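Have a look at the structure below, then the notes.
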Amino acid sequence: MDDYMFREYVKQSKPVAEATSYLEIFSYSDPTLNTVKEEPLPNDELENFLHQEGPFQPPILPTGVTRIAGLRMILQQNASHPETFSPQYISLKQRAYVSMVETMRLPYRGIESTSAVGPFFWAAFDQDEERPHLQILFRKSDVRKKGLTRGWELMLSHDMRGGMTMGYCKGTPSSDIVECVRHLKACALQIGHPMLLPTIIFSHDMSSKTDIKQREARDWLRKLEHAVSMRQEIDDKESYVDQDGLVDFDLINRHLVECHSQVLWKRPKAYMQILQSFDEAMELFKSSAEGGERWQGELKKLNASMLSRHEFYRKKLQGIDSYAYTTLQRLAIQRSALYNIIAQRESKLNFQMAEDNRPAWGVVSARRVLGVHVLYVVLQLPEWSGGCQPGRAYCFREFLDILGGDCPSDPNYSGVMALLGKTEGEAVRAGGSPPGEGRGVDGDSDSGADEKKNHEQGRYMGYQEGLVAVVIGTTRRVMIMIFMRYGLVDMNGWIAKFPILVV
240 MDDYMFREYV KQSKPVAEAT SYLEIFSYSD PTLNTVKEEP LPNDELENFL
290 HQEGPFQPPI LPTGVTRIAG LRMILQQNAS HPETFSPQYI SLKQRAYVSM
340 VETMRLPYRG IESTSAVGPF FWAAFDQDEE RPHLQILFRK SDVRKKGLTR
390 GWELMLSHDM RGGMTMGYCK GTPSSDIVEC VRHLKACALQ IGHPMLLPTI
440 IFSHDMSSKT DIKQREARDW LRKLEHAVSM RQEIDDKESY VDQDGLVDFD
490 LINRHLVECH SQVLWKRPKA YMQILQSFDE AMELFKSSAE GGERWQGELK
540 KLNASMLSRH EFYRKKLQGI DSYAYTTLQR LAIQRSALYN IIAQRESKLN
590 FQMAEDNRPA WGVVSARRVL GVHVLYVVLQ LPEWSGGCQP GRAYCFREFL
640 DILGGDCPSD PNYSGVMALL GKTEGEAVRA GGSPPGEGRG VDGDSDSGAD
690 EKKNHEQGRY MGYQEGLVAV VIGTTRRVMI MIFMRYGLVD MNGWIAKFPI
740 LVV
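Printed below as a string of structure tokens:
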């Protein structure tokens with residue numbers, strides 16, 4: 240089943256070209272013969288390298304010298320193709336990829352992991368009971384950033400009897416694969432352990448950069464706390480408040496989001512699960528190797544050292560997890576406080592806008608009332624026109640009497656005020672109390688509070704009446720044109736009588 244699925248996935252995959260090299264490390268019983276070699280690998284030499292033919296033939300060893308361990312890998316350390324880590328893409332031609340996996344006995348499931356997200360690790364023995372191989376998959380890939388995919392992947396197959404490790408490794412420039420390979424070549428005496436390179440990659444991925452990121456996020460958080468809740472834990476020069484005491488809340492909101500994303504970078508829980516998988520792979524290797532001769536030497540010490548390092552990283556990740564959790568909780572508090580501040584300011588702004596729009600609503604109300612007058616006059620014009628005496632023009636003062644005056648002394652003024660929903664008494668109070676009203680015999684005020692209340696009401700009523708007067712004036716100008724259309728106005732006499740009404 241694995242073989243069939245592997246070939247189907249290879250058929251569906253698209254090949255891309257990447258610069259390829261090879262790495263050979265051999266450790267012998269005579270340390271002076273140990274070799275470390277890394278050189279470019281042309282495409283036409285790939286088959287020779289896989290089968291150790293031509294220039295890649297193993298050296299002839301002196302009598303009594305044996306090979307203790309070895310490592311042979313195909314490397315693509317600076318993969319630069321935009322699709323190199325996209326799902327269903329491989330970095331070798333399909334035939335060469337199949338030959339590499341089958342010859343090196345790499346895991347068939349490797350091609351099925353091209354779409355895996357986050358850090359991914361898998362280890363298991365193959366089904367060869369006579370010569371078992373421990374197969375390992377370790378990879379991490381991500382989506383595009385600035386048009387390029389990112390990540391790294393590692394496929395290994397370790398011969399439990401011969402101590403030879405075969406593998407394939409690829410990484411983009413943003414990864415630490417180049418540094419990891421340099422580190423691996425410096426540990427040539429320890430290549431007998433199949434988990435050496437995965438542990439090196441994990442160590443570089445969990446370097447001090449992760450701790451520094453969390454420390455920078457906490458320092459960033461304190462600046463945000465100073466800007467939002469005025470906590471005095473930073474230098475004034477680092478504050479978001481400028482010299483005028485102004486705060487850019489849009490900038491603070493963006494920085495809250497960026498700080499939150501930085502805290503979530505390399506979630507510790509995911510890497511602690513990787514360490515758990517590491518320990519399981521170490522146990523598989525130990526259970527198969529502890530009965531052999533190689534286990535009693537340096538390999539046993541190396542295994543214990545690697546387990547201790549895994550425990551060290553586990554404790555370190557636990558501290559990062561606790562630290563990041565506290566930072567996230569404090570960020571949530573500042574975000575809630577910021578939203579409350581913004582909501583309060585929006586509420587005050589809406590209230591102020593409502594206060595500013597209140598006079599405008601008074602104008603609308605007055606226009607609606609006067610619109611009733613205009614509609615009434617327009618509807619009556621045909622009837623008036625039919626009942627007009629021949630040769631007589633009606634004076635515009637007659638229309639003004641129908642419409643109502645705009646002066647409190649005008650008898651028709653009370654009709655306008657009634658249409659506005661005010662009584663005649665309210666209209667009088669708007670213009671001021673008549674002499675003697677609300678006063679005692681001697682003219683003294685009965686109540687200071689009543690006088691203040693009447694004064695405030697008078698100011699408001701007077702303002703509204705002023706708006707009414709303005710709208711009435713505009714309506715009169717419109718009605719001049721209507722009356723001229725029907726010939727009902729003696730314009731010569733009217734203009735001489737009311738020149739101010741003509742624009």
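For the sequence shown, the numbering used here gives the first residue as 240, with consecutive numbering after it.
Where a beta carbon is used, it is the ideal one built from N, C-alpha and C, also for glycine.
Computed from a prediction, not measured in an experiment: that's the story for all the values here.
Please confirm whether residue i and residue j have their CB atoms less than 8 Å apart.
| i | j | result |
| --- | --- | --- |
| L310 | I264 | yes |
| I440 | C419 | yes |
| L436 | L373 | no |
| F324 | S380 | yes |
| P254 | I329 | yes |
| I307 | S266 | yes |
| T411 | V502 | no |
| S527 | P371 | yes |
| P507 | D560 | yes |
| Q573 | S468 | yes |
| H432 | L514 | no |
| E257 | Q315 | yes |
| K409 | A466 | no |
| I350 | V249 | yes |
| G390 | S354 | no |
Can you tell me whether residue i is buried or exposed? The criterion is at least 16 other CB atoms within 10 Å of its CB, across all chains shown.
| i | result |
| --- | --- |
| S547 | exposed |
| Q251 | exposed |
| Q453 | buried |
| Q471 | exposed |
| N542 | buried |
| F524 | buried |
| T259 | buried |
| K385 | exposed |
| R636 | Unreliable positioning characterises R636 in this predicted model, as indicated by a pLDDT of 46, which lies under 50. The coordinate reading is nonetheless provided below. Exposed, because fewer than 16 other Cβ atoms sit within 10 Å of the Cβ of R636. |
| E247 | exposed |
| G531 | exposed |
| Y552 | buried |
| G401 | exposed |
Considering only C-alpha positions, which residue in the set the options is nearest to residue i?
| i | options | result |
| --- | --- | --- |
| V417 | Y261, F245, A362 | Y261 |
| S352 | S586, E392, M403, K332 | E392 |
| L289 | A318, Y336, S319, Y347 | Y336 |
| T346 | G390, N589, E292, T404 | Per the sequence presented here, residue 346 reads as Pro, with Thr not at that position. With distances taken between Cα atoms, P346 lies closest to T404. |
| P321 | A256, T388, M511, V275 | T388 |
| R348 | Q327, K332, R383, G357 | Q327 |
| K554 | R569, M511, P301 | M511 |
| T305 | D269, D283, V340, P281 | D269 |
| R533 | S586, R246, Q429 | Q429 |
| L272 | P297, A256, G293 | P297 |
| F364 | A355, S354, R344 | R344 |
| V340 | Q515, E286, G357 | E286 |
| M399 | E585, E369, D415 | E369 |
| T342 | A593, Q583, G406 | G406 |
| Q226 | G431, D241, D415, V382 | Since the first residue shown for the chain is 240 and the last is 742, residue 226 is missing from the structure and cannot be characterised. |
| L331 | Q291, N282, T302 | N282 |
| Y578 | S354, R493, S413, S516 | R493 |
| V275 | K424, M434, G357, K409 | K424 |
| F245 | P279, E277, S338 | S338 |
| H422 | M592, S442, P301 | S442 |
| A571 | D595, L460, S414, E529 | L460 |
| L556 | S447, E292, Q291, E284 | S447 |
Ordered along the chain, which non-local residues of its own chain (more than five positions away) have a Cβ less than 8 Å from that of residue i?
| i | result |
| --- | --- |
| E519 | A362 |
| F359 | S352, L376, F377, R378, K379 |
| R457 | Y562, T566 |
| T438 | F517, M545, R548, H549 |
| G357 | K379, A509 |
Looking only at its own chain, which residues have a Cβ that is under 6 Å from the Cβ of residue i, when we skip the five neighbours before and after it?
| i | result |
| --- | --- |
| D450 | none |
| K505 | T449 |
| Y243 | none |
| H499 | L570 |
At what residues does the beta strand (DSSP E) containing residue i begin and finish?
| i | result |
| --- | --- |
| C408 | 403-410 |
| T342 | Taken as a continuous stretch (DSSP letters only), T342 belongs to no beta strand (DSSP E), being part of the alpha helix (DSSP H) at 333-343. |
| V382 | 372-384 |
| I299 | Taken as a continuous stretch (DSSP letters only), I299 belongs to no beta strand (DSSP E), as it is neither H nor E. |
Does the Cβ of residue i lie closer than 7 Å to at least one heavy atom of the ligand ZN?
| i | result |
| --- | --- |
| V255 | With respect to the ligand ZN, the structure offers nothing, as it holds no ligand at all. |
Determine whether the Cβ of residue i lies closer than 8 Å to any Cβ atom of chain D.
| i | result |
| --- | --- |
| L280 | No chain D appears in the structure shown, which is made up of a single protein chain. |
With a threshold of 7 Å on Cβ separation, who are the neighbours of residue i within its own chain once the five nearest residues in sequence on each side are excluded?
| i | result |
| --- | --- |
| I581 | F488 |
| D681 | The predicted model places D681 with a pLDDT of 46, which falls under 50 and marks its position as unreliable; any figure quoted below should be read in that light. None. |
Quick check on the DSSP output: the alpha helix (DSSP H) that includes residue i runs from which residue to which?
| i | result |
| --- | --- |
| V275 | Element bounds for V275: not the alpha helix (DSSP H) but the beta strand (DSSP E), 274-279. |
| D242 | 241-251 |
| Y510 | 507-528 |
| I491 | 488-502 |
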